[in-house]
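Remarks on the structure that follows.
2 protein chains.
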Amino acid sequence: MRLTIRSGPQPMNQTSLKDRLLLSTLPDEERESGRRLLAALGLVEGKLKQVEEELESRTRSAVPTIALIGDYLVEGGGKRIRPALLLLCARLLGYQGRRDVLYATVIEFIHTATLVHDDIIDLAETRRGRASVNQRWGNELTVLFGDHLYMKAMEIALDEGDLRVLKLLSDVTLAMTEGEIIGAERRGSIDISLTDYLDIVRRKTALLFGASCRIPSYLLEEGDAYAEDLWDFGLALGIAFQLQDDLLDYTATQKDLGKPVLSDLREGKLTLPLILSLPKVTRAERKLIETVVHEKGFTSVPAEKLLEIVDRTRSLAVAREMIDKYGEEATQAAMRLPAVDSRDALLLAAQYAASRRK
Amino acid sequence: MRLTIRSGPQPMNQTSLKDRLLLSTLPDEERESGRRLLAALGLVEGKLKQVEEELESRTRSAVPTIALIGDYLVEGGGKRIRPALLLLCARLLGYQGRRDVLYATVIEFIHTATLVHDDIIDLAETRRGRASVNQRWGNELTVLFGDHLYMKAMEIALDEGDLRVLKLLSDVTLAMTEGEIIGAERRGSIDISLTDYLDIVRRKTALLFGASCRIPSYLLEEGDAYAEDLWDFGLALGIAFQLQDDLLDYTATQKDLGKPVLSDLREGKLTLPLILSLPKVTRAERKLIETVVHEKGFTSVPAEKLLEIVDRTRSLAVAREMIDKYGEEATQAAMRLPAVDSRDALLLAAQYAASRRK
Chain A
47 MRLTIRSGPQ PMNQTSLKDR LLLSTLPDEE RESGRRLLAA LGLVEGKLKQ VEEELESRTR
107 SAVPTIALIG DYLVEGGGKR IRPALLLLCA RLLGYQGRRD VLYATVIEFI HTATLVHDDI
167 IDLAETRRGR ASVNQRWGNE LTVLFGDHLY MKAMEIALDE GDLRVLKLLS DVTLAMTEGE
227 IIGAERRGSI DISLTDYLDI VRRKTALLFG ASCRIPSYLL EEGDAYAEDL WDFGLALGIA
287 FQLQDDLLDY TATQKDLGKP VLSDLREGKL TLPLILSLPK VTRAERKLIE TVVHEKGFTS
347 VPAEKLLEIV DRTRSLAVAR EMIDKYGEEA TQAAMRLPAV DSRDALLLAA QYAASRRK
Chain B
47 MRLTIRSGPQ PMNQTSLKDR LLLSTLPDEE RESGRRLLAA LGLVEGKLKQ VEEELESRTR
107 SAVPTIALIG DYLVEGGGKR IRPALLLLCA RLLGYQGRRD VLYATVIEFI HTATLVHDDI
167 IDLAETRRGR ASVNQRWGNE LTVLFGDHLY MKAMEIALDE GDLRVLKLLS DVTLAMTEGE
227 IIGAERRGSI DISLTDYLDI VRRKTALLFG ASCRIPSYLL EEGDAYAEDL WDFGLALGIA
287 FQLQDDLLDY TATQKDLGKP VLSDLREGKL TLPLILSLPK VTRAERKLIE TVVHEKGFTS
347 VPAEKLLEIV DRTRSLAVAR EMIDKYGEEA TQAAMRLPAV DSRDALLLAA QYAASRRK
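Protein chains in written order, with my numbering: chain A, 47 to 404; chain B, 47 to 404.
Next comes the structure, spelled out in structure tokens:
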């Protein structure tokens, strides 16, 4: 199987009056959906613990520096979203064995490897004092740590010996790396269409979500019938999750996110809100956006200027609608899956991914 | 199969009167052995061309930045030692198909990936103006290029679908990365024993030579009988090759090597000659070595001082003997293989690896 990276939908028309202010309403409802999702994750709590144990034991090493990777993985915590999805989908299909735990470990290794390599930075960035794996261990070890994590993932998946899963993981990680390269290529430039942006989102985030959900279909014979629905669910969920992440960079406060707002812009990355704005801005506004992205920060243009542009063009509302659309797509795919307890968790995940505030 | 990383032999006694001056003799003989090796490589010239074509076509991409990788691989040239070994060993076993070309491509992708990631550098190094992939494209793209090459390798190997080869490659690349990490851990320190050093050499260089030679044994049923001999040959050859490389850093001129002599020391890396010297040096000399390795260069201690130490302790002669021993081990392993034309090439390769001057 070769993955087809589906190209995204066309930009939708701006239809709504919702705006950034509207996004700050409904906190109770959102809090409630988060709480219900956490409860639903209880279904795979025992399995998630086993994943933690695997992550720890597989990175144990006599080489002190390698053992640090394990500490980083376990201390660093992470939300373990992808392992949880894989375990929920395995449960949904009635899978009884332990291979779901191993593949969930593989997925988390791959995810962490991409995060670690994402921390490799250039001379320019090191001056910004970015806190990262890199800052702790330097670029040289950081690249090797990432390589090691990729290879550990490969090692476990090979032990399992299912060539279909290996091929899926190989296609996905290759497309992910390509997504990173395409993203790096566009960094510092405003020359990025909505279609390009969605392609990057699909590659960098959605495909691994898709793989997490699809892998369980290979674990038992009956799984085949649900392979495509699981894949569709994971992809749509992943896109909703990432678009929401990019939206939060514009709407959330530093306290909620644990990072400065507009951090993507500070890295020269144009994301959904401003990409939606671009076709509607004046030439002067376009110049302002260009300057911020090029300068990788708000040196000559204050952040407020850009928030005003996004506000005036109602891009946050349009972004919100797009995210809801992908959330809805995930929900519909989940509805085609067996109606068991873990499906409710998937439905809640779809709702949460599209509405979360941090 | 799990690879056992054999630990190296104990340091041998210093027995000979040969010294650095002696190493500069016999240039005609060495030149002759190089010429004969080149002629022997003619056996796989056609296949090597096919490998070049694969390297080029597999890195062709619509993404401009990814296409650069292909240019780098093809322009960069490289000696293609590992592909040549794989092709020679396949020929030796009488293999007729095209899978040797594909696996040779895989091996070269892996080798290039390690080279590219080796170019990821820290702030300190960038100030030294090191010419590298990194300097051309920056750390960020360099790490992604390496990842991409690893994943391309995996993709081709998966298409071939032989789990034994995949497992071998996975074990080898994992051990290689560990070798790099262990090496990075020791950088800047003189706390490295001969055993540790040989373990790093085995991991960083010899295992991929071993894999290159062993893979053909999986290509045809009769290959099994020679799997171990091919592996032994490749490992011994790889060690001889790397030890010679490390020795040349002390004995060759900048013109021959195309890089400054003592470049390992300039990176804070202690290699064979000085490791052999350490047990024989005075406390004051030890301090000098420590300073150079720590300072990553000859800031307070002139290079001549270290060459004197190596000379006085006759470490170059001992190193020379060790290399000959590994060359001999490779030769003996090759003698257990079928006596056909490509075996002569392997024998010449063993001779050349241990005696080459660049």
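Yeah, the Cβ is synthetic: ideal placement off N, Cα and C, and Gly gets one too.
Just so it is clear, the structure is predicted and the values come from calculations on it, not from any experiment.
Run of the alpha helix (DSSP H) containing residue i, from where it starts to where it stops
| i | result |
| --- | --- |
| Y6 (chain A) | Since the first residue of chain A shown is 47 and the last is 404, residue 6 (chain A) is not available in this structure. |
| L394 (chain A) | D387 to S401 |
| L209 (chain A) | L209 to R232 |
| L322 (chain B) | L318 to S323 |
| A349 (chain A) | A349 to R358 |
| Q378 (chain B) | S361 to M381 |
| K333 (chain A) | R329 to E341 |
As assigned by DSSP and simplified to three states, the class of residue i
| i | result |
| --- | --- |
| R126 (chain B) | coil |
| K95 (chain A) | helix |
| V307 (chain A) | coil |
| K315 (chain B) | coil |
| F191 (chain A) | helix |
| T105 (chain A) | coil |
| D237 (chain A) | coil |
| I202 (chain B) | helix |
| L139 (chain A) | coil |
| I167 (chain B) | coil |
| T345 (chain A) | coil |
| P110 (chain A) | helix |
| M47 (chain A) | Any reading at M47 (chain A) must be qualified, since the residue scores a pLDDT of 35, below 50, and its modelled position is unreliable; the value itself is stated next. Coil. |
| R52 (chain B) | The pLDDT assigned to R52 (chain B) is 36, lower than 50, so where the model puts this residue is not dependable, and the model offers no usable value. |
Inter-residue spacing [alpha-carbon to alpha-carbon] between residue i and residue j
| i | j | result |
| --- | --- | --- |
| T317 (chain B) | V327 (chain B) | 15 Å |
| F191 (chain A) | L190 (chain B) | 14 Å |
| E78 (chain B) | S216 (chain A) | 45 Å |
| R82 (chain B) | L393 (chain B) | 11 Å |
| S263 (chain B) | A271 (chain B) | 8 Å |
| A150 (chain B) | A130 (chain B) | 8 Å |
| T61 (chain A) | A400 (chain A) | Confidence in T61 (chain A) is poor, its pLDDT being 26 and thus under 50, which makes the residue's placement unreliable; the coordinate value appears in the next sentence. Rounded to whole angstroms, T61 (chain A) to A400 (chain A) spans 19 Å at the Cα level. |
| T219 (chain B) | M381 (chain B) | 28 Å |
| Y398 (chain A) | R145 (chain A) | 27 Å |
| T359 (chain B) | K371 (chain B) | 20 Å |
| T71 (chain B) | Q290 (chain B) | For T71 (chain B), the predicted structure reports a pLDDT of 36, less than 50, and the residue's modelled location is therefore unreliable. A value from the coordinates is still provided. Cα-Cα distance, rounded: 16 Å. |
| S388 (chain A) | L132 (chain A) | 11 Å |
| E224 (chain B) | L195 (chain A) | 11 Å |
| T111 (chain A) | A221 (chain B) | 14 Å |
| E91 (chain A) | Y141 (chain A) | 16 Å |
| Y118 (chain B) | I228 (chain A) | 18 Å |
| M200 (chain B) | I285 (chain A) | 26 Å |
| E98 (chain A) | T105 (chain A) | 11 Å |
| K95 (chain B) | I202 (chain B) | 18 Å |
| T188 (chain B) | I166 (chain B) | 7 Å |
| G88 (chain B) | R137 (chain B) | 12 Å |
| A282 (chain B) | G207 (chain A) | 30 Å |
| V211 (chain A) | L139 (chain A) | 17 Å |
| E23 (chain A) | T251 (chain A) | Residue 23 (chain A) lies beyond the range of chain A shown here (47 to 404); nothing can be said about it. |
Residue from the options whose Cα sits closest to the Cα of residue i
| i | options | result |
| --- | --- | --- |
| L254 (chain B) | B:A230, B:L311, B:K198 and B:I127 | B:I127 |
| S323 (chain A) | A:E231, A:L266, A:L383 and A:A363 | A:A363 |
| V162 (chain B) | A:R329, A:E186 and A:V147 | A:E186 |
| H157 (chain B) | B:D245, B:V109, B:A86 and B:M197 | B:M197 |
| L294 (chain A) | A:G280, A:L281, A:D310 and A:A282 | A:D310 |
| F287 (chain A) | A:D245, A:I369, A:L352 and A:L138 | A:I369 |
| E354 (chain B) | B:T297, B:L383 and B:E274 | B:T297 |
| I321 (chain B) | B:E313, B:D242, B:L383 and B:T105 | B:D242 |
| R366 (chain A) | A:P319, A:W277 and A:L240 | A:P319 |
| Q378 (chain A) | A:E274, A:I166, A:L139 and A:L214 | A:E274 |
| V23 (chain A) | A:A330, A:S361, A:R312 and A:R248 | Residue numbering for chain A in the displayed model covers 47 to 404; residue 23 (chain A) lies beyond these limits and cannot be assessed. |
| L148 (chain B) | B:A159, B:G184 and B:D205 | B:D205 |
(request) Note down, one range per segment and in chain order, each alpha helix (DSSP H) of at least 4 residues found wholly within the stretch 244-304 of chain B. (result) With a minimum length of 4 residues, the continuous alpha helix (DSSP H) runs that stay inside the stretch 244-304 of chain B are 253-260, 273-297 and 300-303.
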